[in-house]
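Enquirer:
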Amino acid sequence: MIQRHKAGFYEKYIKRPQDFILALTALILLSPLMGLLAVLVSIFMGTPVIFKQKRPGLHGKIFYIYKFRTMTDEKDLRGKLLPDCVRLTRFGKFLRSTSLDELPELFNILKGDMSIVGPRPLLVQYLPLYNERQRRRHEVRPGITGYAQVNGRNAISWEKKFELDVEYVDHIQFTADWEIIIKTIFAVIKREGISSDTSVTMEEFHGSKG
18 MIQRHKAGFY EKYIKRPQDF ILALTALILL SPLMGLLAVL VSIFMGTPVI
68 FKQKRPGLHG KIFYIYKFRT MTDEKDLRGK LLPDCVRLTR FGKFLRSTSL
118 DELPELFNIL KGDMSIVGPR PLLVQYLPLY NERQRRRHEV RPGITGYAQV
168 NGRNAISWEK KFELDVEYVD HIQFTADWEI IIKTIFAVIK REGISSDTSV
218 TMEEFHGSKG
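Position in the sequence shown (first residue = 1) + 17 = the working numbering.
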């Protein structure tokens, strides 16, 4: 029988207000940097500077995630977008490696779509591919960072990543969240786990075997 998530005191009464305060504070302090990045993105990749895409959130509810754009809109002669490795610019790689492209997700946190810490919100087309246990990652709000991100990020398999997500869902605690936040800062500084072995970021998920 699959265990279901039960929110504790921290998650019920502290986590969301804490997220809001941290996100608002970060937006105020980082607004000059975000303004500069917006200008640079428009110069190197054009407009719009914000990449918006549908992602599944709490209980699978769809929302729009916001990121700084890291790819161009280059297309082939048939009008089809070129592969990610071609459209991902040098500046775009820098934004991803430093996680600066994810700063606009702070607005998602203010809106209540996301949390500071939680399973990363993935593509909508992955929803029918999860098994019952993997689907449990949607029992909590998705996060800017998470337990999987500080334990390999894109350098670990999908199965390992989802297992870490579910483990987080079952053990949400104040101290655990802050440990993940601190570890994330060091991981970003070291630029660890940006790419998988076969992709510039992470290869597509096609479902788990067995």
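Note that CB positions come from ideal geometry on N, CA and C, so glycine has one too. Remember, it's a predicted structure, so these values are computed and weren't measured experimentally.
What would DSSP say about glycine 224, mapped onto helix, strand or coil?
Expert: coil
Enquirer: Bridge partners for methionine 51 per DSSP, in chain order?
Expert: DSSP output for methionine 51 lists no bridge partner at all.
Enquirer: How about leucine 139: is its C-beta nearer than 8 Å to some C-beta of chain D?
Expert: No chain D is present in this structure, which holds just one protein chain.
Enquirer: If you draw a straight line from the C-alpha of glutamate 28 to the C-alpha of glutamate 91, how long is it?
Expert: 43 Å
Enquirer: Could you tell me whether the Cβ atoms of valine 141 and lysine 69 are closer together than 8 Å?
Expert: no
Enquirer: Got a sec, what are the start and stop residues for the alpha helix (DSSP H) valine 103 sits in?
Expert: 101 to 104
Enquirer: Spell out a yes or no on whether the stretch 79 to 89 and the stretch 98 to 118 are touching, meaning 3 or more CB-CB pairs, one atom from each, closer than 8 Å.
Expert: yes
Enquirer: Helix, strand or coil for proline 73? Go by DSSP, reduced to three states.
Expert: Correct three-state label for proline 73: strand.
Enquirer: Leaving aside the five residues before and after methionine 51 along the sequence, list all residues of the same chain whose C-beta is less than 6 Å from its C-beta, in chain order.
Expert: Hits under 6 Å: Leu120.
Enquirer: What residues in its chain sit with their C-beta under 7 Å from that of glycine 77, if we drop five residues either side in the sequence?
Expert: Leu144, His155
Enquirer: Which value, in whole angstroms, describes the spacing of the CA atoms of aspartate 214 and arginine 170?
Expert: Reliability of the predicted coordinates at aspartate 214 is poor, the pLDDT of 37 falling under 50, and the value obtained from them is presented with this limitation in mind. If you take the alpha carbons of aspartate 214 and arginine 170, they lie about 12 Å apart.
Enquirer: Compute the distance between the beta-carbons of proline 136 and tyrosine 83, then report whether it is under 8 Å.
Expert: no
Enquirer: In whole angstroms, what is the alpha-carbon distance linking lysine 128 and isoleucine 202?
Expert: Across the structure, lysine 128 and isoleucine 202 are spaced so that their CA atoms are roughly 23 Å apart.
Enquirer: The beta strand (DSSP E) with glycine 160 in it runs from where to where?
Expert: 160 to 162
Enquirer: Start and end of the alpha helix (DSSP H) containing tyrosine 185?
Expert: 175 to 186
Enquirer: Consult DSSP for tyrosine 27 and reduce its assignment to one of helix, strand or coil.
Expert: Three-state DSSP puts tyrosine 27 in a helix.
Enquirer: Between His22, Arg21, Asp36, which lies nearest to aspartate 194 when the distance is taken from Cα to Cα?
Expert: Asp36
Enquirer: Leaving aside the five residues before and after glutamate 122 along the sequence, list all residues of the same chain whose C-beta is less than 7 Å from its C-beta, in chain order.
Expert: Ile82, Tyr83, Lys84, Met131, Ile161
Enquirer: Quick one: using the 10 Å Cβ neighbour count with 16 as the cut-off for buried, is isoleucine 31 buried or exposed?
Expert: Isoleucine 31 should be labelled exposed.
Enquirer: Is the Cβ-Cβ distance between leucine 75 and valine 157 less than 8 Å?
Expert: yes
Enquirer: Taking C-beta to C-beta, are serine 225 and glutamate 176 nearer than 8 Å?
Expert: yes
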